[in-house]
Amino acid sequence: KQLGKIAAPGALFNISEPMVFGIPLVMNPYFFLPFILTPVLLVIVSYTAMATGLVAPPAGIALPFTTPIFISGYLATGGHISGTVLQ
203 KQLGKIAAPG ALFNISEPMV FGIPLVMNPY FFLPFILTPV LLVIVSYTAM
253 ATGLVAPPAG IALPFTTPIF ISGYLATGGH ISGTVLQ
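For the sequence shown, the tail end lands on 289 under the working numbering, and the numbers increase by one without skipping.
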């Protein structure tokens, strides 16, 4: 609980190191498969959504990784609300 309170402000700006290394997630055998498979699943879902036209393709804007989650989806798709919905 204490770690969650400390890490919450950073998590809003995609800074997750306190949670990843503080819980610990990195060397925990129970979290190994989700830690590896979640990014793969997210790539598949994102690609499928863009290939079928449900989400606008990226606009070619390089955003800093600290851009808050819903704002980054909106800006990365060139101002389409579908990028925010996908996130």
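Built from N, CA and C at the ideal position, the CB exists for glycine as well.
Quick caveat, the model's predicted, so the values are computed rather than measured.
Among the options, which has the Cα closest to the Cα of residue i?
i       : options                            : result
Leu-265 : Ser-274, Pro-226, Leu-205          : Ser-274
Ala-251 : Phe-233, Met-229, Leu-214, Gly-285 : Gly-285
Gly-255 : His-282, Ile-238, Met-229          : His-282
Phe-237 : Gly-280, Gly-262, Met-221          : Met-221
Taking 9 Å as the cut-off, decide whether the C-beta atoms of residue i and residue j are in contact.
i       : j       : result
Thr-268 : Leu-277 : no
Ala-258 : Thr-279 : yes
Ile-271 : Asn-216 : yes
Contact check, residue i vs residue j under 8 Å by CB: the rounded distance?
i       : j       : result
Phe-233 : Leu-227 : 5 Å
What are the complete alpha helix (DSSP H) segments, minimum 4 residues, inside the stretch 255-279?
DSSP runs (the alpha helix (DSSP H)) wholly in the stretch 255-279: 271-278.
List, from N- to C-terminal side, the alpha helix (DSSP H) runs of 4 residues or more that fit wholly inside the stretch 205-241.
Qualifying alpha helix (DSSP H) stretches, in chain order: 219-224.
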